[in-house]
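Notes follow once the structure below has been shown.
Structure follows, in structure tokens:
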């Protein structure tokens, strides 16, 4: 690919106190990427994603964006969502949160149309008025994906997105992801890439630093258990 990187990390390091999470990370996320970040639990995968999203600031090195976050549309499906399922918020309201901070600002009508499209894409139209506490685990995961897709992201980050889902829900999830535009960059975080998920064009092992993985041996790559901050 010859396109400018949408997100670039150069010499990035991050630590939690004395615990080094990442060191000397160089990585580009390009338009159309299908990029997989593999590694053991505690290897720093989630920390790297949060740095690439601009949610954390590197303590050394830099992360740069082709356009500022908010103008560069980013979507994120976290492994452990930070919300209270008992909070009285409806599904359609949570999905609309995916447009907070997006620029340029949208009108009420544009927001409604974007939410309608995201709910339709994930098959959630009939649940739009449901409260989060009324959703099943699979429906909650689809709701998180709808929130990530509502801004039509140029880069979509998926952190262990199908953890705890049953086989039917996993298949449905990856079918929806497969329908995204080819130019959407997808960054998948996982400790093990199972067949039938994302077909990557690049893969990296993240274990406090980063190294490329040969795609021809991807499904046989040994991943050792670790400890630390993920």
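Numbering (the working numbering), first residue to last: 16 to 245.
No residue lacks a Cβ here, since even glycine has one placed at the ideal position from N, Cα and C.
1. Which residues in the same chain have their Cβ closer than 7 Å to the Cβ of residue 230, if we skip the five residues on either side of it in sequence?
2. Indicate the three-state DSSP secondary structure (helix, strand or coil) for residue 197 in the structure shown.
3. State whether the stretch 107–115 contacts the stretch 196–212, with contact taken as three or more CB pairs (one from each stretch) at a distance under 8 Å.
4. Could you work out which residue in 79, 144 and 32 is closest to residue 23 when comparing CA atoms only?
5. Thinking C-alpha only, which one of 56, 62 and 95 is nearest residue 159?
6. Which residues does DSSP pair with residue 90 in a beta bridge?
7. Short of 6 Å in beta carbon distance, which residues of its chain neighbour residue 59, apart from the five on each side in sequence? Order them along the chain.
8. For residue 17 and residue 186, I'd like the C-alpha separation in whole angstroms.
9. Rounded to whole angstroms, what's the CA-CA distance from residue 170 to residue 89? Just pull it up for me.
10. Kindly confirm or deny that the stretch 102–109 and the stretch 67–77 touch, where touching means at least three C-beta pairs closer than 8 Å.
11. So the beta strand (DSSP E) residue 81 belongs to, where does it begin and stop?
12. What would DSSP say about residue 47, mapped onto helix, strand or coil?
13. Just reading off the beta strand (DSSP E) that residue 58 is part of, what are its end residues?
14. In terms of DSSP beta bridges, what is residue 220 paired with?
15. How would you call residue 83, buried or exposed, if buried means at least 16 neighbouring beta carbons within 10 angstroms?
According to the data block:
1. Excluding residues within five positions, the ones whose Cβ falls inside 7 Å are 215 and 218.
2. Note: residue 197 maps to coil in three-state DSSP.
3. No: the two stretches stay apart, fewer than three of their Cβ pairs being nearer than 8 Å.
4. When only C-alpha atoms are compared, the closest one is 79.
5. Of the listed residues, the one whose Cα sits closest to residue 159 is 95.
6. In DSSP, residue 90 forms a bridge with 171.
7. Taken in chain order, the residues that qualify are 36, 37, 221 and 223.
8. The predicted model places residue 17 with a pLDDT of 44, which falls under 50 and marks its position as unreliable; any figure quoted below should be read in that light. A direct Cα-to-Cα measurement between residue 17 and residue 186 gives close to 33 Å.
9. Their Cα atoms are separated by approximately 5 Å.
10. No, they do not touch.
11. Unbroken run through residue 81: none, as it is neither H nor E.
12. Of the three classes helix, strand and coil, the one that applies to residue 47 here is coil, per DSSP.
13. From DSSP, residue 58 is part of no beta strand (DSSP E); its letter is neither H nor E.
14. Residue 220 pairs with 53 and 226.
15. Classification of residue 83: exposed, given that the 10 Å Cβ count is below 16.
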